[in-house]
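Just so you know, we're using the working numbering here: the sequence shown kicks off at 784 and counts up by one. Ideal Cβ placement from N, Cα and C applies to all residues, glycine included. For reference, the structure is listed below as structure tokens.
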Amino acid sequence: MGSERRERMSALGARLRALRAGAGLTGAVLAQRAGVGQPTVSKVETGRMVPSSDVLNRLSRALGLDEATSGEVRELLAAVEAAVDAAPEPEASALPGLALDDAIRGARLVRSFQCVVLPAMLQSAEYARHVFASAPDAEPEVVGRAVAARVERQSVLYEPGRESVFVVTEGVLRTWPGTPSLMLAQLDRLLAVESLTTVRLGVIPWGRPVPVMPRHGFTLCDRSAVVVEAFRDERVSRDGEEVASYEEVFGSFEGAAVFGAEVRELLLRVMKEFRDLADTVTP
């Protein structure tokens, strides 16, 4: 990270921290009022995280900032983003998937459909490592930082007030990198996440036809943006008609999926198959 960007992030964080102190709020209270996680408030105030525009707006409203002060903090954020544009970090320029992670971080409702790989927010560290490493010209050091950032951002799954709906085809569960042991750990994580009250996990089983032939994965962030994912990069669209079109497609996939007990039964069945496979695969 460049020194100029660090300085601007610190300036933004210090200003927000001073405004919070002036309002007589603790970080926990501010986080609750803004509908964000307390770690997010802490990281923004200490200059370790660049807030999305949505998060900054939430913090500004929770602090009761007037128009002039709100404009001031928006300008500080714009200065940070300008520094990023002038000297992009290796992760942002070298690997696909990170724009998706940023978009998810600021959303209260996330709906993701995947037909090849697991949704970013459900990936274990080792699974994510294989995903990032498969990108063209991926460098090990950059991959390591990207994996760490993705795992850290998955904490939003546990934040109250958020809703995440994931729908995958059964083929995703059977498309595996690395070893059967990696997938056993990954499927165990899916079982744990499926139990969260903030998450709905659906799978379209082999035995059901898909309502629409899937061409690629996509993620809807609130009802205002869709991230269309490709091998080399992803495209973020805020066009109202396109977002509405993807919402309709997602609804059709969601309607074809099984949830709850049926998903848990399916995951346990696939895990048994991977255990059997582990006995036949040579490391």
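> Can you check whether the CB of V1009 is closer than 8 Å to the CB of E1025?
Replying inline: yes
> Does the Cβ-Cβ distance between G985 and E946 come in under 8 Å?
Replying inline: no
>> Taking 8 Å as the threshold (C-beta atoms), are V982 and L940 in contact?
In response: yes
> If you run the structure through DSSP and keep just helix, strand and coil, what is A877?
Replying inline: Caution is warranted here: a pLDDT of 46 is assigned to A877, below 50, making its placement in the model unreliable, and the coordinate value is therefore given only provisionally. Helix.
>> Which of the three DSSP states is assigned to V900 in this structure?
In response: Three-state DSSP puts V900 in coil, outside helix and strand.
> Using the rule of at least 16 other Cβ atoms within 10 Å of the residue's Cβ for burial, across every protein chain shown, is E1056 buried or exposed?
Replying inline: exposed
> Looking at C-alpha atoms only, which residue of V900, V893, Y910 and V899 is the closest neighbour of Q969?
Replying inline: The shortest C-alpha separation from Q969 is found at Y910.
> Could you give the residue range of the alpha helix (DSSP H) that holds A931?
Replying inline: P923 to R936
> Tell me which same chain residues have a C-beta within less than 7 Å of the C-beta of M1054, skipping the five on either side of it?
Replying inline: So the list reads L967 and L970, once near-sequence residues are dropped.
>> Give me, in chain order, the residues of the same chain whose beta-carbon lies closer than 7 Å to that of V976; leave out the 5 immediate sequence neighbours on both sides.
In response: L905, L940, V982 and L984
>> Suppose contacts are defined by Cβ-Cβ distances below 8 Å. Is G796 in contact with V827 by that definition?
In response: Closer than 8 Å, so yes.
>> Pairs of beta-carbons, one from the stretch 830-847 and one from the stretch 795-811, closer than 8 Å: are there three or more?
In response: yes
> So, V1041 versus P988, is the Cβ gap smaller than 8 Å?
Replying inline: yes
>> Quick check on the DSSP output: what are the complete beta strand (DSSP E) runs of length 3 or more inside the stretch 971-998, in order along the chain?
In response: 982-987
> Can you tell which of C898, L839, L860 and T962 has the C-alpha that lies nearest to the C-alpha of G1000?
Replying inline: The residue among C898, L839, L860 and T962 with its C-alpha nearest the C-alpha of G1000 is C898.
> Under 8 Å, do V948 and R1006 count as touching if we go by C-beta distance?
Replying inline: no
> Between which two residues does the alpha helix (DSSP H) containing V812 stretch?
Replying inline: According to the DSSP assignment, V812 belongs to the alpha helix (DSSP H) that extends over G810 to A817.
> From L846, G847 and S836, pick the residue whose C-alpha is nearest to that of A861; which is it?
Replying inline: Cα-wise, what sits closest to A861 is S836.
> In terms of DSSP beta bridges, what is R1018 paired with?
Replying inline: The partner list for R1018 (beta bridge, DSSP) reads V1011.
>> Here's the rule I'm using: 16 or more other beta-carbon atoms within 10 Å means buried, otherwise exposed. How should A931 be labelled?
In response: exposed
> Which of the three DSSP states, helix, strand or coil, is assigned to S947?
Replying inline: strand
>> On the DSSP bridge list, what partners appear for L1003?
In response: R894 and V1009
> Can T823 and V838 be called in contact, C-beta distance under 8 Å?
Replying inline: Note that the C-beta distance between T823 and V838 is below 8 Å.
> Helix, strand or coil for T1063 per DSSP?
Replying inline: coil
>> What would DSSP say about V1041, mapped onto helix, strand or coil?
In response: For V1041, the three-state secondary structure derived from DSSP is strand.
> Among residues of its own chain, excluding the 5 on either side of R816, which ones have a beta-carbon nearer than 7 Å to its beta-carbon?
Replying inline: A845
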